[in-house]
Each structure stands twice: as C-alpha cells, then as structure tokens.
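J.: Before anything else, here's the structure in question.
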Amino acid sequence: MTKKKIIVLAILVVVAIGAWYGYSEYNRKNKDMKHAKPDFIISATDLIAEFASNDSLAAAKYNGQVVEIGGRVKAVEEDDQGYFTVVIGDSTSLSSVRCALDTIHHSDAALLRAGSSTTLRGACTGFNKDEMGLGSDVIINRCALIKP
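In terms of the working numbering, the sequence shown opens at residue 995 and continues consecutively.
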C-alpha cells in the first residue's frame, strides 16, 4: 500500500469511530432515577434550609447529584404539555422543593395528594433564590416516586 492510501484509510477509521461515538451519545438514555443509587438522602425542609443558609456551598454539594427527598406534598402541578411537578415542603413556608417527574413516571402523580408524605429521587439542578421574600425553590429534575 502506498503512504497516501494508509493516511486516507486512517482518516476514514477515525471519522467512523467519531461518527459511532456521536451517534451513541446522541441516542443515550438517561438513567432511571427509581433504580439509581442516591448520593444524598435528606428531608425537604433540611435541603431548603441548607440552600437558604448558603446557596453557593449547597449548590456545589448537591447540583448534578442524585438526591432522595422526603417530605409532605404541598401540591401536584400539571403544565400545558402534561408534565407533572410535585411541590414538597413545609406547608407554613413559602419555600419548597420542586420535583419534576420523569416522563416515564408521570403516571405516579395520580398516587400523590396534597398533605401526604412521600419520598422522591431525582437529579438536583439548582436553586431559585427569592430576594422578594416570596419563597425560594430547590429544583430537582427527572424524579421518580420511591414511596407514595
């Protein structure tokens, strides 16, 4: 083989490997939080208190981590597109943990009622700090119902 053919073949192999990797990453599924091992197990009120006391330190600790949250359901909200968010926290506080249910677990929303105790597991994605005194929210996405 000539040197030119070897170079062209090597480039084609690299492009094929890159295309395969890109395709597999594009089609990769998120892990199901129902079976994921939680990095932290914490009550909703403790999680809110931790973010309220030092949001940057709490964000560094929890963001991107799998968190299992227990607490009382304040509300179950459905948006225009049929996605459910479970609001957990102390009913006397304006702050809460907002758990967006994963689409594969949206039917679990029917099991939840305001005032009931529950446990959810999901990925912590941030904190909506409120400067006006209307209540802050910890945001948890891709949640799965662990205990209704």
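Ideal Cβ placement from N, Cα and C applies to all residues, glycine included. Note that this is a predicted model, so its numbers are computed, not measured.
#1: Let me know if Leu1106 comes out buried or exposed under the rule of 16 or more other beta-carbons within 10 Å of its beta-carbon.
#2: Using alpha carbons as the reference points, say which of Ser1111, Leu1095 and Ala1046 lies closest to Ser1089.
#3: Our contact map puts Phe1075 next to Phe1034 with C-beta atoms below 8 Å; I'd like the distance itself, whole angstroms only.
#4: Can you tell me where the alpha helix (DSSP H) with Asp1040 in it begins and where it stops?
#5: Could you tell me which residues DSSP pairs with Thr990 in its beta bridges?
#6: Taking the continuous beta strand (DSSP E) assigned at Ala1117, which residues delimit it?
#7: Could you tell me the alpha carbon to alpha carbon distance between Lys1123 and Ala1108, rounded to whole angstroms?
#8: Could you check the C-alpha separation between Ala1043 and Asn1057 for me, to the nearest Å?
#9: As a quick exercise: from Ile1036, Asp1096, Leu1095 and Asp1102, pick the residue whose alpha carbon is nearest that of Gly1083.
#10: Exposed or buried, which one is Glu1062 when buried takes at least 16 other CB atoms within 10 Å?
#11: Under 9 Å, do Phe1078 and Val1067 count as touching if we go by C-beta distance?
#12: Let me check understanding here. Comparing Cα to Cα, which of Ile1098, Gly1129 and Val1081 lies closest to Ser1110?
#13: Is it buried or exposed for Leu1114, if we count other Cβ within 10 angstroms and need 16 for buried?
#14: Compute the Euclidean distance between the alpha carbons of Lys997 and Gly1012, then round it to the nearest angstrom.
T.: Checking against the coordinates, here is how it stands:
#1: Here residue 1106 corresponds to residue number 112 of the sequence shown, with the count starting at 1. Residue burial annotation: Leu1106 is buried, with at least 16 other C-beta atoms found within 10 angstroms of its C-beta.
#2: Indexing the sequence shown from 1 puts residue 1089 at position 95. The residue with the shortest Cα to Cα distance from Ser1089 is Ala1046.
#3: In the sequence shown, the residue the question calls residue 1075 occupies position 81. In the sequence shown, the residue the question calls residue 1034 occupies position 40. According to the sequence provided, residue 1075 is Gln. The question's Phe does not apply to it. Rounded, the Cβ-Cβ distance is 29 Å, inconsistent with contact.
#4: Position 46 of the sequence shown, counted from the first residue, corresponds to residue 1040. Segment Ala1038 to Ser1047, the alpha helix (DSSP H) holding Asp1040.
#5: A query on residue 990 cannot be resolved here, the shown segment of the chain reaching from 995 to 1142 and no further.
#6: Position 123 of the sequence shown, counted from the first residue, corresponds to residue 1117. Taken as a continuous stretch (DSSP letters only), the beta strand (DSSP E) holding Ala1117 covers Ser1111 to Asn1122.
#7: For the purposes of this step, residue 1123 is identified with residue 129 of the sequence shown, where counting begins at 1. For the purposes of this step, residue 1108 is identified with residue 114 of the sequence shown, where counting begins at 1. If I take the Cα positions, the gap works out to 24 Å.
#8: Sequence index remark: in the sequence shown, residue 1043 carries index 49 (1-based). Sequence index remark: in the sequence shown, residue 1057 carries index 63 (1-based). Whole-angstrom Cα-Cα distance: 15 Å.
#9: Within the sequence shown, the letter at position 89 stands for residue 1083. Nearest option by C-alpha distance: Ile1036.
#10: On the sequence shown, residue 1062 is found 68 positions in, with the first residue counted as 1. Counting Cβ neighbours within 10 Å, Glu1062 comes out buried, since at least 16 surround it.
#11: In the sequence shown, the residue the question calls residue 1078 occupies position 84. In the sequence shown, the residue the question calls residue 1067 occupies position 73. Here Phe1078 is not near Val1067, since their CB atoms are 9 Å or more apart.
#12: Position 116 of the sequence shown holds residue 1110. Of the candidates Ile1098, Gly1129 and Val1081, the residue whose Cα lies closest to the Cα of Ser1110 is Val1081.
#13: Locating residue 1114 in the sequence shown gives position 120, where the first residue counts as 1. Per the 10 Å Cβ criterion, buried.
#14: Numbered from its first residue, the sequence shown carries residue 997 at position 3. Numbered from its first residue, the sequence shown carries residue 1012 at position 18. Taking the straight line from one Cα to the other gives about 23 Å.
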